[in-house]
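Structure first, then comments.
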Amino acid sequence: MSERLAIAGTGAIACGLAAVAATRGEVTVLARSEASCDEASAKVGALCDKLGLSVNGNVRVSRDPDVLRDATFVVEAIVEDPETKAAFWRDLNGHVPAEAVLATTTSSLPVSDLARASGHPERFVGLHVFNPVPRMDLVELAFPEEASDATRRRARALCEALGKTAVEVPDTPGFVVNRLLFPLLFEAVRLMERTGLQAEAIDTCMRLGAGHPMGPLALLDLVGLDVSAAIGRTIDVEIPATVDRLIAEGRLGRKAGHGFHTY
72 MSERLAIAGT GAIACGLAAV AATRGEVTVL ARSEASCDEA SAKVGALCDK
122 LGLSVNGNVR VSRDPDVLRD ATFVVEAIVE DPETKAAFWR DLNGHVPAEA
172 VLATTTSSLP VSDLARASGH PERFVGLHVF NPVPRMDLVE LAFPEEASDA
222 TRRRARALCE ALGKTAVEVP DTPGFVVNRL LFPLLFEAVR LMERTGLQAE
272 AIDTCMRLGA GHPMGPLALL DLVGLDVSAA IGRTIDVEIP ATVDRLIAEG
322 RLGRKAGHGF HTY
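Start counting the sequence shown at 72; every next residue gets the next number (the numbering used here).
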């Protein structure tokens, strides 16, 4: 990996990406607190152990933004909220080199808006990786109009170095996968509401009948119901009442121990 990669965030996407990158070279993870530092280190270590990945001490976790000064490729993987992400990019100025490529892992927000917030749209890219990162091959690349040819080349080269397949997609809400996928996932919830079918029954039908590796309700749990609802609102898809109810109850999916299923 020729880039000096830094990742801001400590969630599933950030830690999964860090684990993959660490098998190719050194990677820095920027956390927001000491507790987040410890949590990220544990997550990356556990993920590598589970998947049999060898990272040879290549992961450095810190809460000091000055660790980004040597980065040539900075990936933001924080909460899927436009104001929070925009504030991160505005505050980042002065902490990264002038030649660094700036990337966001947003799954649904307009890349052009975040690029403007960064102040450097010519060096900006939407780098939508999929969860779980070590197992999912696709990366959707979405560029603002101002992105330079060098930015495009370096983004594709990073994906190749990480062993991923990059597909350039338009900067439209939800890109390709989520724009097509989430209407289907939410329709599965509405079918459950209309018919009284159990979540396991719907998921089994789609796994065994449609060849899906995971049923739609289990997939919503994996993504997180709060994140799923945010994506739905961004792509202008009505959120089923059951999803809103489960979120209000704190049943956010796998990360909370229960959603449509119990974990």
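The C-beta atom is built at its ideal place from N, Cα and C for all residues, glycine as well.
Computed from a predicted model, the values in this text were never measured in an experiment.
How far does the beta strand (DSSP E) with residue i in it reach, from first residue to last?
i      : result
Ile78  : 76 to 79
Ala237 : 236 to 239
Nearest to residue i by alpha carbon, out of the options?
i      : options                        : result
Pro153 : Val314, Asp208, Ala301         : Ala301
Leu180 : Asn164, Arg206, Gly165, Glu211 : Glu211
Ser299 : Gly328, Asp162, Leu256, Arg278 : Leu256
Lys326 : Ile78, Pro168, Gly82           : Gly82
Thr313 : Gly324, Ile306, Asp307         : Gly324
Gly303 : Val260, Ala228, Ser107, Arg103 : Val260
Ser104 : His191, Ala79, Ala93           : Ala79
Val91  : Asp208, His191, Ala186         : Asp208
Leu251 : Glu231, Asp307, Asp274         : Asp307
Thr94  : Ser107, Val130, Leu101, Ala106 : Val130
Ser107 : Val98, Ile149, Arg322          : Ile149
Could you pull the DSSP bridge partners for residue i from this structure?
i      : result
Ala213 : Gly197
Gly330 : For Gly330, which the question treats as bridged, DSSP gives no partner whatsoever.
Thr99  : Ala77, Arg131
Phe144 : Leu76, Val172
Gly324 : His329
Along the chain, where does the alpha helix (DSSP H) that runs through residue i open and close?
i      : result
Leu173 : Counting along the chain, Leu173 falls outside any alpha helix (DSSP H), though it belongs to the beta strand (DSSP E) covering 172 to 175.
Glu309 : Element bounds for Glu309: n/a, residue is neither H nor E.
Asn249 : 248 to 266
Arg225 : 220 to 232
Arg206 : Element bounds for Arg206: n/a, residue is neither H nor E.
Gly123 : Per DSSP, Gly123 belongs to no alpha helix (DSSP H) and is neither H nor E.
Leu94  : According to the sequence as given, residue 94 is Thr; it is not Leu. Thr94 -> no alpha helix (DSSP H), and no H or E assigned at all.
Thr155 : 153 to 163
Val182 : 182 to 189
- [ ] Count the CB pairs spanning the stretch 200 to 215 and the stretch 84 to 91 that are closer than 8 Å, and state whether there are at least three.
- [x] Result yes; three or more Cβ-Cβ pairs closer than 8 Å.
Open item on the list: Within 8 Å, do at least three Cβ pairs link the stretch 167 to 181 to the stretch 266 to 273?
Closed with: Flag = no, the stretch 266 to 273 and the stretch 167 to 181 do not touch.
Task: Three-pair Cβ contact test at 8 Å for the stretch 159 to 178 versus the stretch 106 to 117 - done: Between the stretch 159 to 178 and the stretch 106 to 117, the count of C-beta pairs closer than 8 Å stays below three; the two stretches do not touch.
Open item on the list: Does the contact criterion of 3 or more C-beta pairs under 8 Å hold for the stretch 273 to 282 versus the stretch 228 to 245?
Closed with: No, they do not touch.
Open item on the list: Please give me, in chain order, every unbroken run of the beta strand (DSSP E) with length at least 3 that falls completely inside the stretch 271 to 312.
Closed with: Complete beta strand (DSSP E) runs here, min 3: none at all.
Task: Stretch pair the stretch 146 to 163 + the stretch 117 to 124: three plus CB contacts closer than 8 Å - done: Short answer: they don't touch.
Open item on the list: For the stretch 162 to 171 against the stretch 137 to 145, do three or more pairs of beta-carbon atoms, one drawn from each stretch, fall closer than 8 Å, so that the two count as touching?
Closed with: A contact exists between the stretch 162 to 171 and the stretch 137 to 145.
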